[in-house]
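Trainee: Starting off with a structure, shown below.
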Amino acid sequence: MRILRTIPFSFFNPQSAIRNPHSRAVCYRFHVALELSLLMRKRRWKPKDKQINEENVEKAPRVVNPEKAKERTFQRAVKLLAAKPRSVAELRERLLEKQWTNEEIVESVLAKLGEYGYLNDERFAFGYASYKVRQKPVGRQRLQRDLQMKKVDRETADEAIKLVFEETPEEELIERAIEKRTRLRGLPRKRAEVKSLFDHLLRQGFSYDLVASKVRALSSTEMDEDDS
1 MRILRTIPFS
11 FFNPQSAIRN
21 PHSRAVCYRF
31 HVALELSLLM
41 RKRRWKPKDK
51 QINEENVEKA
61 PRVVNPEKAK
71 ERTFQRAVKL
81 LAAKPRSVAE
91 LRERLLEKQW
101 TNEEIVESVL
111 AKLGEYGYLN
121 DERFAFGYAS
131 YKVRQKPVGR
141 QRLQRDLQMK
151 KVDRETADEA
161 IKLVFEETPE
171 EELIERAIEK
181 RTRLRGLPRK
191 RAEVKSLFDH
201 LLRQGFSYDL
211 VASKVRALSS
221 TEMDEDDS
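Printed below as a string of structure tokens:
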């Protein structure tokens, strides 16, 4: 109604409209349609029943050519794996981002990649955890969180971490973490410094009990050296 009230009579012949009420109604409808058209073009607005939002896109059926979609999906999967190793769930999520494929095609591609040996969660989890501990000393809880973010299931993650710690025990890793920290900041001598080291080791994913025992032993050593 606001648009109707703002349409000036100068847009049509008022004398003709007075003589012919039908002409006046036609002019009103014409100019209302014109203003709506300009409004939609200006604001990129669409009628509510034609609006496309994320919810509608998600619900819209995926129209695909099975053969072409399977080929494109496979090529995309290989490209993603060439960029960096990924877990099965992580790769599945990336592949389903595209509208030209679907779950059935993605699952068949994942199965084929598994047969070729390109996709294996056990190998991925072990390789990723090994890389993380080589990069810097971190504990079990940190590795569990990282693998969870990579969408590796808990059982597979725990088995991979177990194998990694067989090669490099967690106790050795925390000692390396303490050595690295004290080399940069010196040995903790004040209570605040001890707490800072304690919190740092917890953030690196070492368990509370392991951190407590190592920090307590370090503090005792420092006290003995000070007494001597």
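The opening residue of the sequence shown carries number 1 in this note's numbering; numbering runs sequentially from there.
From the three backbone atoms N, C-alpha and C, an ideal C-beta is built for every residue, glycine too.
Owing to the predicted nature of the structure, the values given are computational and were not obtained by experimental measurement.
#1: Apart from the five residues just before and just after A129, which ones in its own chain have a Cβ nearer than 6 Å to its Cβ?
#2: With 7 Å set as the bound, which would you pick, yes or no: does the beta-carbon of K98 sit closer than that to a beta-carbon of chain D?
#3: Can you look up C27 in the DSSP assignment and give me helix, strand or coil?
#4: Quick one: what's got a C-beta closer than 8 Å to G205's C-beta in the same chain, skipping five residues either side?
#5: Once you ignore the five residues that flank V57 on each side, which residues in its own chain have a CB closer than 6 Å to its CB?
#6: Between the alpha carbons of K136 and A177, how many angstroms are there, rounded?
#7: When burial is assigned at 16 or more other CB atoms within 10 Å of the CB, is P66 buried or exposed?
#8: Indicate whether R94 and V106 have their beta-carbon atoms separated by less than 7 Å.
#9: What's the C-alpha gap between N102 and E166?
#10: V88 and D121 - do their beta-carbons sit closer together than 7 Å?
#11: Is E259 near K151, with beta carbons less than 7 Å apart?
#12: When the Cα atoms are used, what is the spatial distance from S213 to D153?
#13: When you compare only the Cα positions, how much space is there between T156 and A125?
#14: Which of the three DSSP states is assigned to K98 in this structure?
#15: Look up L187 in the DSSP assignment and say whether it is helix, strand or coil.
#16: For E97 and Y208, I'd like the C-alpha separation in whole angstroms.
#17: Which of the three DSSP states is assigned to V138 in this structure?
#18: Pull up the distance between the alpha-carbon of R189 and that of T168, whole angstroms please.
#19: On a Cα-Cα basis, can you pick out the residue from L197, Y118, K112 that is closest to L218?
#20: What I want to know is whether the C-beta of K70 ends up closer than 6 Å to one or more non-hydrogen atoms of the ligand MN.
#21: Using the rule of at least 16 other Cβ atoms within 10 Å of the residue's Cβ for burial, across every protein chain shown, is E170 buried or exposed?
#22: Which residue comes first and which comes last in the alpha helix (DSSP H) that contains V152?
#23: Could you spell out the range, first to last residue, of the alpha helix (DSSP H) harbouring F74?
#24: Can you tell me whether A69 is buried or exposed, with buried defined as 16 or more other CB within 10 angstroms of its CB?
Mentor: According to the structure shown:
#1: Position 129 of the sequence shown, counted from the start, is the residue given in the question as residue 129. So the list reads L143, A160, I161, V164, once near-sequence residues are dropped.
#2: Looking for chain D here will not work: only one protein chain is present.
#3: Locating residue 27 in the sequence shown gives position 27, where the first residue counts as 1. Low confidence applies here, because C27 scores a pLDDT of 48, under 50, leaving its location unreliable and the question unanswered by this model.
#4: By 1-based counting over the sequence shown, the position of residue 205 is 205. So the qualifying residues of the chain are V138, G139, R140, Q141, R142, L143, Q144, R145.
#5: As a first step, residue 57 is located in the sequence shown; it is residue number 57 there, counting from the start. Reliability fails at V57, whose pLDDT of 46 lies under 50, so the model's placement of it is uncertain and the value that follows must be treated cautiously. Answer for V57: no residue qualifies.
#6: Mapped onto the sequence shown, residue 136 falls at position 136. Mapped onto the sequence shown, residue 177 falls at position 177. Taking the straight line from one Cα to the other gives about 8 Å.
#7: Your numbering for residue 66 matches position 66 in the sequence shown. Exposed.
#8: Residue mapping note: residue 94 aligns to position 94 of the sequence shown, counting from 1. Residue mapping note: residue 106 aligns to position 106 of the sequence shown, counting from 1. Taking 7 Å as the Cβ cut-off, R94 and V106 do not qualify as a contacting pair.
#9: Indexing the sequence shown from 1 puts residue 102 at position 102. Indexing the sequence shown from 1 puts residue 166 at position 166. Those two C-alpha atoms are separated by around 41 Å.
#10: Within the sequence shown, the letter at position 121 stands for residue 121. Within the sequence shown, the letter at position 88 stands for residue 88. Cβ atoms of D121 and V88: closer than 7 Å.
#11: Limits of the chain in this structure are 1 at one end and 228 at the other, which puts residue 259 out of reach.
#12: As a position in the sequence shown, residue 213 is number 213, starting the count at 1. As a position in the sequence shown, residue 153 is number 153, starting the count at 1. Distance between the alpha carbons of S213 and D153 is about 30 Å.
#13: What you label residue 156 is simply residue 156 of the sequence shown in a count that begins at 1. What you label residue 125 is simply residue 125 of the sequence shown in a count that begins at 1. A direct Cα-Cα distance of roughly 7 Å separates T156 from A125.
#14: The residue you call residue 98 lines up with position 98 of the sequence shown. The answer is coil: DSSP assigns K98 none of H, G, I, E or B.
#15: Along the sequence shown, one-based indexing puts residue 187 at 187. In this structure, L187 counts as coil in the three-state DSSP scheme.
#16: If you number the sequence shown from 1, residue 97 lands on position 97. If you number the sequence shown from 1, residue 208 lands on position 208. Each residue's alpha carbon lies about 40 Å from the other.
#17: Stepping through the sequence shown from its first residue, residue 138 is reached at position 138. Coil at V138, not helix or strand.
#18: Residue mapping note: residue 189 aligns to position 189 of the sequence shown, counting from 1. Residue mapping note: residue 168 aligns to position 168 of the sequence shown, counting from 1. Between R189 and T168, the C-alpha separation is close to 29 Å.
#19: Locating residue 218 in the sequence shown gives position 218, counting from the first residue. If we check each option's Cα against that of L218, L197 comes out closest.
#20: Questions concerning the ligand MN fall outside what the structure shown contains, since it holds no ligand whatsoever.
#21: As a position in the sequence shown, residue 170 is number 170, starting the count at 1. Under this definition E170 is a buried residue.
#22: Sequence index remark: in the sequence shown, residue 152 carries index 152 (1-based). No alpha helix (DSSP H) holds V152; DSSP gives it neither H nor E.
#23: Residue numbering aside, residue 74 sits at position 74 when the sequence shown is read from its first letter. Residues 66 to 83.
#24: Mapped onto the sequence shown, residue 69 falls at position 69. By the 10 Å Cβ count, A69 comes out buried.
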